[in-house]
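Asker: Please read through the structure below; I'll follow up with questions.
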Amino acid sequence: SQQGEEDPQALSIQEGENATMNCSYKTSINNLQWYRQNSGRGLVHLILIRSNEREKHSGRLRVTLDTSKKSSSLLITASRAADTASYFCATVFTGTYKYIFGTGTRLKVLA
Amino acid sequence: GAGVSQSPSNKVTEKGKDVELRCDPISGHTALYWYRQSLGQGLEFLIYFQGNSAPDKSGLPSDRFSAERTGGSVSTLTIQRTQQEDSAVYLCASSRRTGEMYEQYFGPGTRLTVT
Chain A
956 SQQGEEDPQA LSIQEGENAT MNCSYKTSIN NLQWYRQNSG RGLVHLILIR SNEREKHSGR
1016 LRVTLDTSKK SSSLLITASR AADTASYFCA TVFTGTYKYI FGTGTRLKVL A
Chain B
138 GAGVSQSPSN KVTEKGKDVE LRCDPISGHT ALYWYRQSLG QGLEFLIYFQ GNSAPDKSGL
198 PSDRFSAERT GGSVSTLTIQ RTQQEDSAVY LCASSRRTGE MYEQYFGPGT RLTVT
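In order, the protein sequence lines correspond to chains A and B. Quick note, this note's numbering runs 955 ahead of the 1-based positions in the first sequence. Quick note, this note's numbering runs 137 ahead of the 1-based positions in the second sequence.
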């Protein structure tokens, strides 16, 4: 499969806790993006991290990238019920514009 | 401004019929992407357009699938002789340009059910 893999596949936490999800990919990349999907419909872009960056923050989001391990992690701090969604990482084969999305992590935040 | 729109939002069709799915990208976005998502699965890349050109059609599942884009704007994904395995949500996205540095803006999708 060309898809990346996210783990865990599903995650259930209490409101206020931190949520960490991981993404592994198979190709050389120039950058990696994280997206969020509510209710099985359109995705929303969250954050982009370049291959020469190791960590990036945006609000309650923290993304890390380890190109030697071909992996990335997304940390959501102080989670809220509204963070309940599926989260996907996306990469592009170097030299193409063909996006490869991971299999997604379904996050459920319990109020 | 208006986001990416897709129509219809839901489509139920009988096996063997042809369907057309439409995507209206954000105005000025030159890149347009089609994906397919089966229930509970990740996104499967189908095709992308830069302007009206589709340089890479390798993601289309079979020759029953085709896509076109006219005027650098609206795109249509056509599935001929639909099969039950074509049932999925078809998502369209656009970005200012092709390139992994540009975020994609997704439409709400078309849920296709083949009976």
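We put the beta carbon where it would ideally sit given N, CA and C, even for glycine.
Identify the continuous beta strand (DSSP E) that holds B/F186 and give its terminal residues.
Answerer: 180 to 187
Asker: Per the contact definition of three or more C-beta pairs closer than 8 Å, is the stretch 220 to 232 of chain B in contact with the stretch 160 to 168 of chain B?
Answerer: With the cut-off at 8 Å, the stretch 160 to 168 of chain B and the stretch 220 to 232 of chain B touch.
Asker: With DSSP as the reference, label A/E1008 as helix, strand or coil.
Answerer: coil
Asker: Counting only the same chain and skipping the five closest in sequence on each side, list residues whose C-beta sits under 7 Å from that of B/Q220.
Answerer: K152, V251
Asker: What does DSSP give as the partner residues of B/L176 in its beta bridges?
Answerer: According to DSSP, residue pairing for B/L176 in a beta bridge does not occur.
Asker: Can you pull the chain B residues whose beta carbon is under 7 Å from the beta carbon of A/L1003, in chain order?
Answerer: E240
Asker: Relative to the ligand PLP, is the shortest distance from any of its heavy atoms to the C-beta of B/K194 smaller than 6 Å?
Answerer: With respect to small molecules bound, the structure shown includes none, and the ligand PLP cannot be examined in it.
Asker: Could you spell out the range, first to last residue, of the beta strand (DSSP E) harbouring A/T1051?
Answerer: Going by DSSP, A/T1051 is part of no beta strand (DSSP E) at all; its letter is neither H nor E.
Asker: Under 8 Å between beta-carbons, which chain A residues line up against B/T213? List them in chain order, please.
Answerer: Under the 8 Å cutoff, chain A gives no residues; its nearest Cβ is about 18 Å from B/T213.
Asker: Could you tell me which residues DSSP puts in a beta bridge with B/V156?
Answerer: B/I216
Asker: Which residues of the stretch 1039 to 1057 of chain A have a Cβ closer than 7 Å to any Cβ of chain B? Give them in chain order.
Answerer: F1043, V1047, T1051, Y1052, K1053, Y1054, I1055, F1056, G1057
Asker: Given that A/L998 touches chain B, what residues does it touch there, using C-beta distances under 8 Å?
Answerer: For A/L998, the chain B residues whose C-beta falls within less than 8 Å of its own C-beta are L180, L228, A230, Q241, F243, listed in chain order.
Asker: How would you call A/A965, buried or exposed, if buried means at least 16 neighbouring beta carbons within 10 angstroms?
Answerer: A/A965 should be labelled exposed.
Asker: So, A/S967 versus A/K1053, is the Cβ gap smaller than 7 Å?
Answerer: no
Asker: So, B/P245 versus A/G997, is the Cβ gap smaller than 7 Å?
Answerer: Yes. Within cutoff.
Asker: Is it a yes or a no for the stretch 1031 to 1048 of chain A touching the stretch 970 to 981 of chain A, going by three-plus beta-carbon pairs under 8 Å?
Answerer: yes
Asker: Let me know the secondary structure DSSP gives A/E960 once reduced to three states.
Answerer: strand
Asker: Assuming A/I1002 contacts A/S1013 (C-beta within less than 8 Å), just tell me the rounded distance between them.
Answerer: 5 Å
Asker: For chain A, find out if any of its Cβ atoms is closer than 7 Å to the Cβ of B/G246; answer yes or no.
Answerer: yes
Asker: Checking the sheet assignment: what are the DSSP bridge partners for B/K148?
Answerer: B/L249
Asker: What does DSSP give as the partner residue(s) for A/I968 in the beta ladder?
Answerer: A/V1064
Asker: Ordered along the chain, which non-local residues of its own chain (more than five positions away) have a Cβ less than 7 Å from that of A/Q992?
Answerer: If the five residues before and after A/Q992 are omitted, its C-beta is found closer than 7 Å to the C-beta atoms of L998, A1040, S1041, F1043, all from its own chain and listed in chain order.
Asker: Using the three-state DSSP reduction, which class does B/D254 fall into: helix, strand or coil?
Answerer: A query on residue 254 of chain B cannot be resolved here, the shown segment of chain B reaching from 138 to 252 and no further.
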